[in-house]
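Q: Protein chains in written order, with the numbering used here: chain C, 1 to 368; chain R, 1001 to 1327.
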Amino acid sequence: MAKKQKEAFFTPIGTDESNNGKIDKAVKLPKPTKKKHKDLGLSDDDVLEMYEQMYLQRRFEERAMQMYQKGKFGGFLHLYIGQEAVSTGTVFALNDDDDIITAYRDHGWGLVRGVSANEGMAELYGKATGCSKGKGGSMHFANVENHFWGGYGIVGGHIPIGGGLAFANKYQENDRVTACFMGDGAVDQGALHETLNMSQLWKLPAIYVVENNGYSMGTAAYRHTVNEIHERSKGYGMKSAVFNGMDVFTVYENMKKIADEVREDSMPWFVEIRTYRYRGHSMSDPQKYRTKEELKEYQKTDPIERMKTYILDEKIAAEKDLDKINDRIEEEVLEAVEFAENSDFPADEALWEDMFADEPHFHDRKEA
Amino acid sequence: MAELQFREAIRDAIDEEMDRDESVFLMGEEVAEYNGAYKASEGLLDKYGFKRVIDTPISELGFAGIGVGAAMNGLRPIVEFMTFNFAVLAADQIINHASKARYMLGGQLSVPMVFRGPNGSAGQLGATHSVAYDSMYAQFPGLSVIYPSEPDDAKGLLKSAIRNDDTVLFMESEQMYGMKGEVSDDDDYTIPIGKAKIKREGDDVTIVATGKMYHIAKQAAQQLAKDGVEAEIIDPRTIKPFDIEAVVKSVKKTNRCVVVDEAHPFGGLASEVGFLIQREAFDYLDAPVQRVTLPDVNAPFSKPLFDLWLPDAKEVIEAVNAVTYRG
Ligand SMILES: Cc1ncc(C[n+]2csc(CCOP(=O)(O)OP(=O)(O)O)c2C)c(N)n1
Ligand SMILES: [Mg+2]
């Protein structure tokens, strides 16, 4: 290609053209922590619980995927598989009344913050027993009572809302910390930058966390954003960190340290956690933008396998104990499928419910 | 005539205009390497290269504005939104800038560009992915809004939109991309913006419907014909400028009218057309104009609620029954 023509390109060219058969690495994983669970103040039981939580998220989604493929429910289905250490490490690091908000890849977040497998699966099925009464579906899991403010479907839309949660916490002087999660794709939205500025200006007790999983839909991170993501905060004088998100201890250690500090000085953080999405963006993604080899590379760092190895090596539990946990989870998830299938759809009248907290009003509503 | 999918008609229109005019380029999320989220730009990257088929970050406000600036400065951008539901983030550039800059600067510049992408709902995608924005943009002076229903209209109108010297919003539908239809294979086939088309002739009632709603109206008309009611379907194709003459002419013949609109009821296409008909054809009306719209409620995810929410042929038939006083 003529040089001049090439210089007139805008977006960097992608996989097809550039990799010459070598394995592209969409995201570079920093080294995980060397600390053992005891060094981090985690008990053996905590470790097993972390394992269980991650395994639940994994199996819940694998089953959900199966049911989706059988045509049991429709809509989008964005799977979190591969990223479970991020949700799990974070929730263990935060206090139970700290606030969490995220984007549409939200099943894992719901499950670790008290959405039961039943309520989650029922939501996917659009049933009245779902965590959002079937009104939201896959993208809108929520458990507000447990300070999980939900998943949101407009990329970047929830970032200022995370700032708003933190604003209210500061206003109410309640010592709660807000953790606002987003994908690497959301980094390119202006909303992030406006929010970072105000957060630093107003000293909001918030942690803005990018789950960099290498891709924004079919676009590798290096094709949609420039420089190191975590360094974005420099321009705002905001504290930042980058760490490995395939290792639950690393997530736990860092998020704990950061949350403690935020609680102490009410200064915000901007954090990049590097992880990897195993499945397609959604269910209809042919994944031509990456190689199978690349995926395999990351699967070698699987957070659940890693945890399992650790548990066995450290003799926290034996293989058969883990099998027991797995069986229990398997049953829980299968029951959830049954629960969802046996649950009722919302009644017709539900169409008009939940629109207003105050007196409802509907323009030109036709009588049934 | 050639049978094409809607997406192919769109692709061909873009292809032909890019071929014809070096200043036309396509920009949007996943339009290049991925060939378009809905494959409406399949093969264009291969043909025109990375300079003219450009993947953008998820920065709707930014790339819409870059489109506006590039249009001012000699290019003819086609800016694709993955859906108009995400164009909400870019509304400042469309509403405050693209539609107003020329006027504010006393005609010193123009903004010849197309914003395009799917409009309205695409099944159970929840409240933030399901809104039809054609009427909303039609509110603003300076913009043309097109929402075609068939591949032929899409091709001819998109080519006109790209050539238009002002800003045009061109709306499609995820659910129509796979739909097939005969498309003119005339060399350089264009359809003038602002002209309605009678898609079905009938004497008993006029049904106005475009975009996805046209297909619902068509279903209803087929049903009604079995009962001996012959509906005339007018597809405006362009929301703005709106071809009220075509509608009034039909209403003067049928004396009854139903407007089907994919938007919520307040202040939309249906209310505007209803108003114009009562003003222009009051003496010809045998019944008040009726409309079928979404309810004044957000889109629910749950399948049965979603089905209840979205206008369907049954509702159109009920509205026709109302204006024809059939029980
Ligand atoms: C404003 C807006 N633009 C575009 C989309 C379509 N879209 C949904 S997800 C997505 C990619 C986001 O990637 P990333 O932020 O990295 O999150 P991930 O899917 O990797 O979790 C895009 C373009 C959207 N939902 N909202
Ligand atoms: Mg991503």
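Virtual Cβ for every residue (Gly too), placed ideally from N, Cα, C.
Could you tell me whether the Cβ of His140/C comes closer than 8 Å to any Cβ of chain R?
A: It does: the Cβ of His140/C has a partner Cβ on chain R nearer than 8 Å.
Q: Does the beta carbon of Gln1139/R come closer than 8 Å to any beta carbon on chain C?
A: It does not: the Cβ of Gln1139/R has no partner Cβ on chain C nearer than 8 Å.
Q: Does DSSP put Phe10/C in a helix, a strand or coil?
A: In the structure shown, Phe10/C sits in coil (DSSP, three-state: anything other than H, G, I, E or B).
Q: Got a sec, what are the start and stop residues for the beta strand (DSSP E) Ile1066/R sits in?
A: Run containing Ile1066/R: none in the beta strand (DSSP E); it sits in the alpha helix (DSSP H), Glu1060 to Met1072.
Q: Taking only beta-carbon positions, decide if Phe1266/R is within less than 8 Å of chain C.
A: Yes - at least one Cβ of chain C is within 8 Å of the one on Phe1266/R.
Q: Once DSSP output is grouped into helix, strand and coil, what is the label at Val1320/R?
A: Helix at Val1320/R.
Q: Counting only the same chain and skipping the five closest in sequence on each side, list residues whose C-beta sits under 8 Å from that of Glu1030/R.
A: Excluding positions up to five away in sequence, the list reads Gly1036, Ala1037, Asp1055 and Met1082.
Q: Which residue marks the beginning of the beta strand (DSSP E) containing Asn212/C, and which one marks its end?
A: Start and end: Ala206 to Asn212.
Q: Are the CB atoms of Ile1207/R and Val1260/R within a distance shorter than 8 Å?
A: In this structure, Ile1207/R lies closer than 8 Å to Val1260/R by Cβ.
Q: Does the distance from the CB of Met107/C to the CB of Gly120/C come in under 8 Å?
A: Position check: residue 107/C holds His in this sequence, whereas Met was assumed. Yes, the Cβ-Cβ distance between His107/C and Gly120/C is below 8 Å.
Q: Listed from N- to C-terminal order along the chain, which residues in the segment 1090 to 1103 of chain R have their beta-carbon within a distance smaller than 7 Å of any beta-carbon of chain C?
A: Those would be none; no residue qualifies.
Q: Using DSSP with H/G/I as helix, E/B as strand and the rest coil, what is Phe243/C?
A: In this structure, Phe243/C counts as strand in the three-state DSSP scheme.
Q: Taking 7 Å as the cut-off, does the CB of Ser216/C come closer than this to any heavy atom belonging to ligand 3?
A: This structure lacks ligand 3; the ligands present are ligand 1 and ligand 2.
Q: Verify the CB distance criterion: does Ala85/C have a CB-CB separation below 8 Å to chain R?
A: With 8 Å as the cut-off, Ala85/C does not count as an interface residue toward chain R.
Q: Are the CB atoms of Val1258/R and Val1320/R within a distance shorter than 8 Å?
A: For Val1320/R and Val1258/R, yes; Cβs fall inside 8 Å.
Q: Which full runs of the alpha helix (DSSP H) of 4+ residues lie inside the segment 149 to 215 of chain C, going along the chain?
A: For the segment 149 to 215 of chain C, whole alpha helix (DSSP H) runs of length 4 or above, ordered along the chain, are 159 to 171 and 190 to 201.
Q: Closest Cβ-Cβ distance between Asn1415/R and chain C: below 8 Å?
A: Residue numbering for chain R in the displayed model covers 1001 to 1327; residue 1415/R lies beyond these limits and cannot be assessed.
Q: Regarding Glu1230/R and ligand 1, is the C-beta to nearest heavy atom distance less than 7 Å?
A: Answer for Glu1230/R: no, Cβ out of range of ligand 1.
Q: So is Met355/C in contact with chain R if we call contact Cβ pairs under 8 Å?
A: Output row for Met355/C: interface = yes.
Q: Would you decide whether Gln1108/R is buried or exposed? Buried here means 16 or more other CB atoms lie within 10 Å of its CB.
A: Its Cβ having fewer than 16 others within 10 Å, Gln1108/R is exposed.
Q: What does the alpha-carbon distance come out to for the pair Tyr55/C and Tyr236/C?
A: Going by the C-alpha atoms only, they are around 38 Å apart.
Q: Give me the Cα-Cα distance between Pro32/C and Asn244/C, rounded to the nearest whole angstrom.
A: Roughly 6 Å between the two C-alpha positions.
Q: For Met1171/R, which of helix, strand or coil comes out of DSSP?
A: Here Met1171/R sits in strand by DSSP.
Q: If you measure from the beta carbon of Arg274/C to each beta carbon in chain R, is any gap under 8 Å?
A: It does not; no Cβ of chain R falls within 8 Å.
Q: Residues of the segment 1108 to 1139 of chain R with a CB closer than 7 Å to any CB of chain C: list them in chain order, please.
A: So the close ones are Gly1123, Gln1124, Leu1125, Gly1126, Thr1128 and His1129.
Q: Gly21/C to Asp285/C, Cα distance in whole Å?
A: Summary for Gly21/C: the model assigns pLDDT 49, below 50, so the residue's position carries little reliability; its value from the coordinates is reported in the next sentence. The straight-line gap from Cα to Cα measures roughly 22 Å.
Q: So, under 8 Å CB-CB, Val91/C and Arg113/C are touching, yes? Tell me the CB distance rounded to an integer number of Å.
A: Confirmed, about 6 Å.
Q: For Ala1002/R, which residues in the same chain have their Cβ closer than 6 Å to its Cβ, ignoring the five residues on either side in sequence?
A: Taken in chain order, the residues that qualify are Val1183 and Asp1185.
Q: Tell me, please, whether the CB atom of Phe148/C is closer than 8 Å to any CB atom in chain R?
A: Judged by the 8 Å Cβ criterion, Phe148/C is not in contact with chain R.
Q: I'd like to check one pair, Arg1076/R with Ile1198/R: are the Cβ atoms closer than 8 Å?
A: Cβ distance not < 8 Å, so Ile1198/R and Arg1076/R don't count as in contact.
Q: Give the DSSP-derived three-state secondary structure of Asn326/C in the structure shown.
A: Three-state DSSP puts Asn326/C in a helix.
Q: Can you tell me whether Gly1194/R sits near ligand 2, meaning its C-beta is under 7 Å from at least one heavy atom of the ligand?
A: No.
Q: Count the other CB atoms, across all protein chains shown, that sit within 10 Å of the CB of Asn174/C; report buried if there are 16 or more and exposed otherwise.
A: The residue in question, Asn174/C, is exposed, as its Cβ has fewer than 16 Cβ neighbours within 10 Å.
Q: Asn1298/R touches chain C at which residues, Cβ-Cβ below 8 Å?
A: In chain order: Met355.
Q: To test your reading of the DSSP string, which unbroken alpha helix (DSSP H) runs of 4 or more residues are found completely within the segment 1135 to 1174 of chain R?
A: If we require 4 residues or more, the alpha helix (DSSP H) runs fully inside the segment 1135 to 1174 of chain R come out as 1151 to 1163.
Q: Going by Cα to Cα distance, which pick from Asn342/C, Lys288/C, Arg223/C and Ser240/C is closest to Pro12/C?
A: Of the listed residues, the one whose Cα sits closest to Pro12/C is Arg223/C.
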